[in-house]
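Visitor: Handing you this structure, nothing more for now.
2 protein chains.
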Amino acid sequence: MRVSASLDYALRAMVELAAAEPAGRPVKADEIAASQGIPSRFLAQLLAELRRAELVRSGRGYAGGYWLAVSPADITVADIARVIDGPLADVHGLSPELFGPPGVAAPTRELWIAVRAALRSVMEKVTIADLVAGTLPSAVAALLNDPDAWIRRPDPLAAQPGQQDQPGSNRR
Amino acid sequence: MRVSASLDYALRAMVELAAAEPAGRPVKADEIAASQGIPSRFLAQLLAELRRAELVRSGRGYAGGYWLAVSPADITVADIARVIDGPLADVHGLSPELFGPPGVAAPTRELWIAVRAALRSVMEKVTIADLVAGTLPSAVAALLNDPDAWIRRPDPLAAQPGQQDQPGSNRR
DNA sequence: GATAAAGCTGATCTACTTAGTCGGGAATCT
DNA sequence: AGATTCCCGACTAAGTAGATCAGCTTTATC
């Protein structure tokens, strides 16, 4: 899964809005852009999308800016992801349950549905309020307790185990 | 998360190889392409990548084709995904643990690590052998028991609840 | 040995998406 | 009025996805 720059930016912007003091104060796009290091014109586009989806509201002029349209506890990461990036999971263009691989590959459909369910189990559970508080829901935090979750898997193409290349043995 | 056509094709091809009778028989790329409805030239490219990653082996000529290099029980969906699409999760170009969002958005890092862990919990557990058998590991199958896993979420932009558009009320 | 069947490689192509930028307009506050 | 801020659509440059193609090498069969 690649998390797009847009989603990353939008999520961070939402966290900034939720963390703004006093609560509900309009925050300018440029303020967020500066504190989060986001290209400001680009951020403005994302905020406009969030406004059309009615996750934030906006006002113009001197005291203008953006603020959350609903309580941060009622906005999940999935809500933002769906506005910015579309459906959480699709199998090359199709929703997983519409996807019907033929023959012996049919069970791959269930696989993708399970993948979607796994994504939802994190993204629909974590709210903006959780992120501001820095405490994730216990079911999600449980995933992070495994130290293995924090380490990167090796690139499968680098340094094949067992047999290293020898001067004469051409893999080709 | 979008599952690329390449990954879908590669996975289905691997399932076909694992399901081939008698076990270990070379299967031609065109056979797989025909039975799975995959553009055959494109599939050949994917199979070549899988071969370079040593997940399959190949032979040319009359009795040529592809076969699995290791037991289907030892190949996970994640293995294939990493060969075809690269890392399971990255946050606009960075591995989640290298990603360091500033200030108040810092906890979004843990979020993405949790997302990656959730993906791994499915993709590193399901093997090609599971898919051929049609029975997913119990932890994954548990996700599918919830009927909610099978239904699609509504598009957030379609048909806002509560207030419908009225002839005079311009949302702008 | 000729021939046909298969895979191998690298180049190419088109359409789409991503990640931005830009200009001008409209609302709002001082 | 003037400064500030958001609003909107157009534009662009680069990269990726999803193929397609030509020409080559390897291998088995006649």
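Chains as they are written, first to last, in this note's numbering: chain A, 1 to 172; chain B, 1 to 172.
For every residue, glycine included, the Cβ atom is placed at its ideal position computed from N, Cα and C.
1) Would the stretch 102-122 of chain B and the stretch 114-123 of chain A be scored as touching if the rule is three or more Cβ pairs under 8 Å?
2) Just mark residue 65 of chain A as buried or exposed, buried being the case when its beta carbon has 16 or more other beta carbons within 10 Å.
3) Which residues does DSSP list as the beta-bridge partners of residue 67 of chain B?
4) My guess is that residue 1 of chain B and residue 88 of chain A are in contact by the Cβ rule of under 8 Å, so how many angstroms apart are they, rounded?
5) Evaluate residue 148 of chain A with the Cβ neighbour count: other Cβ atoms within 10 Å of its Cβ, from every protein chain shown; 16 or more gives buried, anything less gives exposed.
6) Output yes or no for whether 7 Å exceeds the beta carbon distance between residue 95 of chain A and residue 60 of chain B.
7) Do you know how far the Cα of residue 109 of chain A is from the Cα of residue 12 of chain B?
8) May I ask you to report which of helix, strand or coil DSSP gives residue 2 of chain A?
9) Assuming residue 27 of chain B and residue 53 of chain B make a contact with CB atoms under 8 Å, what is their CB distance in whole Å?
10) Sorted by chain position, which residues of the same chain lie with C-beta nearer than 8 Å to residue 55 of chain A's C-beta, five sequence neighbours on each side aside?
11) Taking residue 24 of chain B as the query, report the chain A residues whose CB atoms sit under 9 Å from its CB, ordered along the chain.
12) With a CB to CB cut of under 7 Å and the five nearest residues on each side skipped, what residues in its chain are close to residue 140 of chain A?
13) With a threshold of 7 Å on Cβ separation, who are the neighbours of residue 19 of chain B within its own chain once the five nearest residues in sequence on each side are excluded?
14) Does the separation of the CB atoms of residue 129 of chain B and residue 72 of chain B fall below 7 Å?
15) Using only alpha-carbon positions, find the residue among A/42, A/7 and A/62 that is nearest to residue 25 of chain A.
16) Residue 115 of chain A bridges to which residues according to DSSP?
17) Tell me the DSSP secondary structure of residue 91 of chain A in three-state form.
18) If you measure from the beta carbon of residue 129 of chain B to each beta carbon in chain A, is any gap under 7 Å?
19) Could you tell me if residue 98 of chain A is buried or exposed, where buried requires 16 or more neighbouring beta carbons within 10 angstroms of its beta carbon?
20) For residue 113 of chain A, would you say it is in contact with chain B, using Cβ-to-Cβ distances shorter than 7 Å as the test?
21) If you run the structure through DSSP and keep just helix, strand and coil, what is residue 135 of chain A?
22) Roughly how many whole angstroms lie between the Cα atoms of residue 37 of chain A and residue 8 of chain B?
23) Beta carbons nearer than 9 Å to chain A: which residues of the stretch 79-102 of chain B have them?
24) Between residue 8 of chain B and chain A, is any beta-carbon pair separated by less than 7 Å?
25) Residues bridged to residue 27 of chain B by DSSP?
26) Mind checking which residues open and close the alpha helix (DSSP H) that includes residue 148 of chain A?
Guide: Reading it off the structure:
1) Yes: at least three Cβ pairs fall under 8 Å.
2) As a working note, residue 65 of chain A is residue 65 in the first sequence. With 16 or more Cβ atoms within 10 Å of its Cβ, residue 65 of chain A is classed as buried.
3) Residue numbering aside, residue 67 of chain B sits at position 67 when the second sequence is read from its first letter. Bridge partners of residue 67 of chain B: B/57.
4) Translated into positions along the second sequence, residue 1 of chain B becomes position 1. Translated into positions along the first sequence, residue 88 of chain A becomes position 88. Approximately 6 Å separates the beta-carbon atoms of residue 1 of chain B and residue 88 of chain A; this is inside 8 Å, confirming the contact.
5) Taking the first sequence and counting its residues from 1, the one referred to as residue 148 of chain A is at position 148. Residue environment for residue 148 of chain A: exposed (fewer than 16 other C-beta atoms within 10 angstroms of its C-beta).
6) The count along the first sequence starts at 1 and reaches residue 95 of chain A at position 95. The count along the second sequence starts at 1 and reaches residue 60 of chain B at position 60. Result no, Cβ atoms of residue 95 of chain A and residue 60 of chain B do not sit closer than 7 Å.
7) Residue mapping note: residue 12 of chain B aligns to position 12 of the second sequence, counting from 1. Residue mapping note: residue 109 of chain A aligns to position 109 of the first sequence, counting from 1. Using only the alpha carbons, I get a separation of about 10 Å.
8) Reading the first sequence from its first residue, position 2 is the one you call residue 2 of chain A. Residue 2 of chain A: strand per DSSP, three-state reduction.
9) Counted from its first residue, the second sequence places residue 27 of chain B at position 27. Counted from its first residue, the second sequence places residue 53 of chain B at position 53. Incorrect: roughly 18 Å between the Cβ atoms, too far for contact.
10) Looking up residue 55 of chain A in the first sequence gives position 55. Cβ within range, chain order: 14, 68, 69, 70, 75, 79, 80 and 83.
11) Taking the second sequence and counting its residues from 1, one reaches residue 24 of chain B at position 24. Near residue 24 of chain B there are no residues of chain A at all, since even the closest Cβ is about 16 Å away, more than 9 Å.
12) Here residue 140 of chain A is taken as the residue at index 140 of the first sequence, counted from 1. Excluding positions up to five away in sequence, the list reads 122, 125 and 126.
13) Indexing the second sequence from 1 puts residue 19 of chain B at position 19. Around residue 19 of chain B: 132.
14) Position 129 of the second sequence, counting from 1, holds the residue named residue 129 of chain B. Position 72 of the second sequence, counting from 1, holds the residue named residue 72 of chain B. Yes.
15) Translated into positions along the first sequence, residue 25 of chain A becomes position 25. Distance check between residue 25 of chain A and each of A/42, A/7 and A/62 places A/62 closest, using alpha-carbon atoms only.
16) Counted from its first residue, the first sequence places residue 115 of chain A at position 115. In DSSP, residue 115 of chain A forms no bridge with anything.
17) Counting from 1 along the first sequence, the entry for residue 91 of chain A is found at position 91. Here residue 91 of chain A sits in strand by DSSP.
18) As a first step, residue 129 of chain B must be located in the second sequence, where it is residue number 129. No, its Cβ sits nowhere closer than 7 Å to a Cβ of chain A.
19) Taking the first residue of the first sequence as position 1, residue 98 of chain A is located at position 98. So residue 98 of chain A ends up on the exposed side.
20) Along the first sequence, read from residue 1 onward, the residue named residue 113 of chain A stands at position 113. Judged by the 7 Å Cβ criterion, residue 113 of chain A is in contact with chain B.
21) Locating residue 135 of chain A in the first sequence gives position 135, counting from the first residue. Here residue 135 of chain A carries a coil assignment [DSSP, helix/strand/coil].
22) Within the first sequence, numbered from 1, the residue matching residue 37 of chain A stands at position 37. Within the second sequence, numbered from 1, the residue matching residue 8 of chain B stands at position 8. Residue 8 of chain B has its alpha-carbon roughly 36 Å from the corresponding atom of residue 37 of chain A.
23) Among the residues of the stretch 79-102 of chain B, those with a Cβ less than 9 Å away from any Cβ of chain A are 79, 82, 83, 85, 86, 87, 88, 89, 90, 91, 92, 93, 95, 96, 97, 98, 99, 101 and 102, in the order of the chain.
24) Along the second sequence, read from residue 1 onward, the residue named residue 8 of chain B stands at position 8. So yes, residue 8 of chain B belongs to the interface.
25) Translated into positions along the second sequence, residue 27 of chain B becomes position 27. DSSP, once it has assigned bridges, lists B/66 as partnering residue 27 of chain B.
26) Looking up residue 148 of chain A in the first sequence gives position 148. Premise fails: residue 148 of chain A is in no alpha helix (DSSP H) and is neither H nor E.
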